[in-house]
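Numbered according to this note's numbering, the sequence shown spans residues 142 to 322.
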Amino acid sequence: MTSDSARREEILETAAAMFASSGLRTSLREIADQCGILPGSLYHHFDSKEAIIVELVRRYRDELDHVAKEAFDALHEPDQRPVEERVIELGRAIAACAVRHRAALLLTLYEPPTGAGEELVDLARLAPTAIDAAMAEILQAGLTAGGLRSGIELTLLAERLCQSMLHVGVGVFHRSHAPQL
Numbered sequence: 142m143t144s145d146s147a148r149r150e151e152i153l154e155t156a157a158a159m160f161a162s163s164g165l166r167t168s169l170r171e172i173a174d175q176c177g178i179l180p181g182s183l184y185h186h187f188d189s190k191e192a193i194i195v196e197l198v199r200r201y202r203d204e205l206d207h208v209a210k211e212a213f214d215a216l217h218e219p220d221q222r223p224v225e226e227r228v229i230e231l232g233r234a235i236a237a238c239a240v241r242h243r244a245a246l247l248l249t250l251y252e253p254p255t256g257a258g259e260e261l262v263d264l265a266r267l268a269p270t271a272i273d274a275a276m277a278e279i280l281q282a283g284l285t286a287g288g289l290r291s292g293i294e295l296t297l298l299a300e301r302l303c304q305s306m307l308h309v310g311v312g313v314f315h316r317s318h319a320p321q322l
């Protein structure tokens, strides 16, 4: 990794941690200070604070899509595990992604900031359909194998399971940090 790409990664990781803990009110100056660089140096790597946010959301979405792809790929391999284990495995992968990308997750759970550019608004509003579809396929395989009772709305159940696992990213953070008095 070149020093420019290493610095870019450091900026993204620092910004993600700061946005996750302090919200979007975190300034570029605060991010630069935390990275030990001058605020103007950030513009060598990113055009704006919004560009950092867009990159964080893109990475989060890409990882969610990767989690879904792995789940779909696993469906085409012989697997004798009960449906519950497969659902739990996908749920854990979704939750782990949510925890790793908490700042981006929060941006996609709530309305984008006022004045956000079109690219960020579109990214923030994009539903995580790939993980929902992967979960639905796992549930369908479980229904077909007799591991689930009939009459369950699998699409709705899949969506709710995925949303619950994404919300773990919010809850884990709150439990892992003591309140500041």
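Yeah, the Cβ is synthetic: ideal placement off N, Cα and C, and Gly gets one too.
For the alpha helix (DSSP H) containing residue i, list its first residue and its last residue.
i	result
E171	169-176
P180	180-186
A156	144-163
Tell me whether residue i is buried or exposed, calling it buried when 16 or more other Cβ atoms sit within 10 Å of its Cβ.
i	result
D273	buried
E154	exposed
I152	buried
T249	buried
I293	exposed
R227	buried
G181	exposed
A319	With a pLDDT of 41 at A319, under the threshold of 50, the modelled position of this residue cannot be trusted; read the value that follows with caution. Counting Cβ neighbours within 10 Å, A319 comes out exposed, since fewer than 16 surround it.
H315	Unreliable positioning characterises H315 in this predicted model, as indicated by a pLDDT of 46, which lies under 50. A coordinate reading is not provided.
Throw me the rounded Cβ distance for the residue i and residue j pair, which I believe falls under 8 Å.
i	j	result
H242	E204	7 Å
V208	A234	5 Å
L302	L284	Going by Cβ atoms, the distance from L302 to L284 rounds to 14 Å, so no, they are not a contact pair.
L231	I178	Not really, about 39 Å apart at Cβ, beyond 8 Å.
Whole runs of the alpha helix (DSSP H) within the stretch 194-255, excluding any shorter than 4 residues: 224-241, 243-250
With a threshold of 8 Å, are at least 3 pairs of Cβ atoms found where one atom belongs to the stretch 213-226 and the other to the stretch 151-169? no
In chain order, which continuous runs of the alpha helix (DSSP H) of length 4 or greater are located wholly inside the stretch 264-317? 270-285, 295-317
Touch test, the stretch 262-282 against the stretch 299-312, Cβ-Cβ under 8 Å, three pairs minimum: yes
Check whether the stretch 195-210 and the stretch 255-265 are in contact - that is, three or more C-beta pairs closer than 8 Å. yes
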